[in-house]
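Read the structure below first, then the notes.
Chains as they are written, first to last, in the working numbering: chain A, 526 to 1071; chain B, 526 to 1071.
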């Protein structure tokens, strides 16, 4: 028997209309490259998104069409979020930091009919245009003069398309499972894969991310989107924060420490999201300039693990709480968050931090588990580590044009290896493909790397498994010494003594001049395995693995 | 084109499993009538709800069956919430405070197969049993000894049904629109009508009610359900608070000021819900006993408007914030809440309170509007008042066994008359059926009553419209003077001077010894109209309506 509640679908356009009605005069501030900050309100966003929707209809955009963006965080990008998705089309946010070949692949794979791009990507677009035959029209996010300056024949300007359109749009009502957004993940192997978000997942994720024990987003907040709007929809914040009526701040292209500090102070930012690298730059600026944040009270940090020292600086020195989050493009992305339990309130500060540096516990709505190589559930003892699995209404079940790739058990395989402790805190220990399988047991490559990098004479280190006749794989450290260092293999291995179980001890160390990196600066483990996977381990390897 | 996110349905059982996994050791405390407080945890709730589900299956309960409760707020009632609904059956919470005839009607109308009742309702059940032939079995919420003491032949005890059942249940996955709960509204006219909640509405309402700008429910909270679990599911808190991992406190039957204060202090309650009457009793006790709350920081107050003086006492004298909420059984119930805007932070205290005594703004997810008699939208100017309409995913579209009664425009007619001001704050001014229609315009009966009751010599007053040949209706005040008062009609009418528009001036005053009241203490306007609706107004009525 079904209930008798209204069949109201969860649509992203309801966020736009709610914000305009309930928080119409709340400000939206965007930093622009060459001019004064742009200021509007939710009422203004509503009007411009409506105009855009009319313009898209005039261009012939239909429900399900992919319309792409190549843009930094700013008001026009936000209009595209709401205008495109509100219409029932798919807002495809292209990551301009990828290699050109990958971007070409992504655009053609997505079959983007239109691409809206920022002025700073004119050069990139000129490279892309001849290689992306699917695109019917490229549109500059600017006015006619700026479009002309781009020196691309017949390039339309966004402001011209918008001009004179009605500023009220009758947002269509449709199935809440309709696709709303598309984001490609850039794996280190194979082609990028597209995550196809739905209106339902976007609205539910907004509710979950705003909860007091998640990001605690309120109308009393001023929220800055620092994570790019082409990275998992800036972690869903362009939906969540307007739904809650927060004031919005978008930084444009500049996210160096000084730019952030000035923007935060000028606009009274209370909450911002970003990867550790951004916050490292921010803290370095605060230290060098001898200034302090006066309004920022918390940051959402994810993408990679937050270093303990960075957390300590932000929290202890500057009173800025770190909300340590874990997620992926495939998880919308907020999935787990290291919020302490009520019972932790009286623990010593360092014991509280021991928990906060983990990736945390699932927010209400998602479930996680860890499984061994046979697919059996592992205990939550903080020691056993296995494949991290996740499920819930804002988790991807498969990828664009790969429908049917979903797992029959209904879980998503994250590709991360993790532990879960008795209190439910999850900690990533490795990537599945990087874990070293030795004698039927797993060794965390990341933990071995972290120890090497804690050595004062090591600049960078990568650890991979190399084949071993008896143990299947054994760990090899590939390291770059700091300038002037004469560190030896024996000295580095001695440094591991007492820090790991005996059977985790690396079998060898290779000192090299540099390690291979990907487009976003990440260490390329695949390349490392390609280069050093066949390294000949010392003569009697079994002794070190006893 | 549909998105590719997981098709995870929103089910109430996911709240139970999340609470058990993520907050397993968090306490649930129930005050019991004659014994020590009962203490368990979310893990304990999970186990007992699982045992109950097994017991229900053994009884033959199937999906869609109605299983009823006659119970105060306590752990067994909570087990019934999760056990019954988790199975896919419908948890029907019967209001024991209604007249016996109404309860009989409700049980037979719902076709309840089983009814679980508290020991304190043994007398009531003996009256109901012969008149409720649909019920297959009545079950006492207690042990065998207590069931025996009830002196009802073959009465099974809850604890016997539960005994030796497995404490793990494989909660079924089904359509999230499946009915989960049933609550009848007791109108002052006609038969009670059943609101049939769904799993989807329950989960979405939990998200919305927990948001920072709604009830701000967190794992750091200790939440007391003071509103009965048979009143709109204690305002959804038995779903919301476990989803967030709050510690729970249930008061049983005693909600007098002293009992509440002792319970709150003993358990460290931070947040509780209840009608103004409850909080009046609480504040009176605090004043008389000269004590203060040390942990309570906010209360959710609704049901009827919070008097300004009560809000002032709680907030100014005791530091307890009032979350002034409006809702109905049909709205799950949290719909609007008087949360101030960020821009109000710097207003003087009394101007902030001017806004907080209104019923507030819609929480994200629901929409409201006001309409005139012709169904046209009225302006949001704080003056125009009209029928309050509401819609959203946790709003009823029709009533049980009245499917098809829904409005074609998709809105729910609340039966309240309200204003909405330019800032979006809604204020109830009357019930639709009580509003006085004079010369095509509306006069608020509640406003006229409030003014009369503000007169120091008036104990109680009701205002109704009586027929008028020229103006259709004109207001009549029916009032009870305080003991010893000789107040005259002229003196009371003079009291209205300057407080209302001239054409609102009541045409006459009738002094009576008492006013008619319903079972829950509410003034019966229908009875008032029956008694005095044909009152002969003074000879020249048109002059006072000029």
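Yeah, the Cβ is synthetic: ideal placement off N, Cα and C, and Gly gets one too.
CB contact check: residue i to chain A, cutoff 8 Å
i                       : result
residue 605 of chain B  : no
residue 851 of chain B  : no
residue 883 of chain B  : no
residue 1032 of chain B : no
residue 774 of chain B  : no
residue 1060 of chain B : no
residue 925 of chain B  : yes
residue 1072 of chain B : What the structure shows of chain B is the stretch from 526 to 1071, and residue 1072 of chain B is not part of that stretch, so it cannot be assessed.
residue 768 of chain B  : yes
residue 715 of chain B  : no
Test: residue i CB closer than 8 Å to a CB of chain B
i                       : result
residue 1071 of chain A : Unreliable placement is indicated for residue 1071 of chain A, whose pLDDT of 37 sits below 50; the coordinate value is still reported in the next sentence. So no, residue 1071 of chain A is outside the interface.
residue 1067 of chain A : Per-residue confidence for residue 1067 of chain A stands at a pLDDT of 47, beneath the threshold of 50, marking its modelled position as unreliable; no derived number is given.
residue 928 of chain A  : yes
residue 594 of chain A  : no
residue 615 of chain A  : yes
residue 738 of chain A  : yes
residue 914 of chain A  : no
residue 705 of chain A  : yes
residue 543 of chain A  : yes
residue 741 of chain A  : yes
Straight-line gap, residue i to residue j (C-alpha atoms, nearest Å)
i                       : j                       : result
residue 1101 of chain B : residue 977 of chain B  : Outside the displayed range of chain B (526 to 1071) lies residue 1101 of chain B, so it cannot be described from this structure.
residue 630 of chain B  : residue 620 of chain B  : 12 Å
residue 592 of chain A  : residue 905 of chain B  : 37 Å
residue 680 of chain A  : residue 671 of chain A  : 10 Å
residue 1069 of chain B : residue 861 of chain B  : Confidence at residue 1069 of chain B is low in this model, with a pLDDT of 46, below 50, so its placement is unreliable and the value that follows should be read with caution. Using only the alpha carbons, I get a separation of about 37 Å.
residue 1053 of chain B : residue 1020 of chain B : 23 Å
residue 880 of chain A  : residue 835 of chain A  : 15 Å
residue 610 of chain B  : residue 979 of chain B  : 46 Å
residue 646 of chain A  : residue 801 of chain A  : 25 Å
residue 971 of chain B  : residue 988 of chain B  : 7 Å
residue 654 of chain A  : residue 949 of chain A  : 49 Å
residue 793 of chain A  : residue 683 of chain B  : 57 Å
residue 1067 of chain B : residue 963 of chain B  : Note that residue 1067 of chain B scores a pLDDT of 47, beneath 50, so its modelled location is shaky and nothing firm can be said.
residue 691 of chain B  : residue 1022 of chain A : 49 Å
residue 824 of chain A  : residue 807 of chain A  : 12 Å
residue 727 of chain B  : residue 538 of chain B  : 11 Å
residue 1065 of chain B : residue 947 of chain B  : With a pLDDT of 46 at residue 1065 of chain B, under the threshold of 50, the predicted position of this residue should be treated as unreliable, and no value is reported.
Chain A contact residues for residue i, given Cβ-Cβ distances below 9 Å
i                      : result
residue 954 of chain B : Simply none; closest approach about 21 Å.
residue 574 of chain B : Correct list: empty, because the minimum Cβ distance to chain A is about 18 Å.
residue 535 of chain B : 729, 890 and 918
residue 702 of chain B : 527, 528, 530 and 532
Contact belief for residue i with residue j at Cβ below 8 Å, rounded distance in angstroms
i                      : j                      : result
residue 922 of chain B : residue 531 of chain A : 5 Å
residue 918 of chain A : residue 760 of chain A : No, residue 918 of chain A and residue 760 of chain A are not in contact; Cβ-Cβ is about 17 Å, not under 8 Å.
residue 697 of chain B : residue 613 of chain B : 6 Å
residue 885 of chain A : residue 863 of chain A : 3 Å
residue 916 of chain A : residue 888 of chain A : The Cβ separation is near 13 Å, so there is no contact.
residue 511 of chain A : residue 777 of chain A : Lying outside 526 to 1071, the shown extent of chain A, residue 511 of chain A is not represented and no answer is given.
residue 721 of chain B : residue 925 of chain B : 5 Å
Amino acids of chain A, ordered along the chain, whose beta-carbon sits closer than 8 Å to that of residue i
i                      : result
residue 733 of chain B : 732
Cross-chain neighbours of residue i in chain A, by beta carbon under 7 Å
i                      : result
residue 547 of chain B : 886, 887 and 949
residue 934 of chain B : Residues of chain A passing the Cβ test: none, with the nearest at roughly 12 Å.
Cross-chain neighbours of residue i in chain B, by beta carbon under 7 Å
i                      : result
residue 866 of chain A : 744
residue 722 of chain A : 528 and 530
Where residue i meets chain B, residues with beta-carbon distance less than 8 Å
i                      : result
residue 685 of chain A : What residue 685 of chain A touches in chain B: nothing, since even the nearest Cβ is about 29 Å away.
residue 726 of chain A : 528 and 530
residue 633 of chain A : Going along chain B, no residue has its Cβ under 8 Å from residue 633 of chain A, so there is no contact; the nearest lies around 18 Å.
residue 589 of chain A : 526
Which runs of the alpha helix (DSSP H), 4 residues or longer, sit entirely within the region 717-787 of chain A? For the region 717-787 of chain A, whole alpha helix (DSSP H) runs of length 4 or above, ordered along the chain, are 724-735, 757-760 and 762-769.
Threshold first: 3 residues or longer. Then list the beta strand (DSSP E) segments lying entirely within the region 814-856 of chain B, N to C. For the region 814-856 of chain B, whole beta strand (DSSP E) runs of length 3 or above, ordered along the chain, are 823-826 and 846-851.
Which ranges does the alpha helix (DSSP H) cover as unbroken runs of at least 4 residues, wholly within the region 857-925 of chain A, from first to last along the chain? Taken in chain order, the unbroken stretches of alpha helix (DSSP H) that lie wholly in the region 857-925 of chain A and span 4 residues or more are 874-881.
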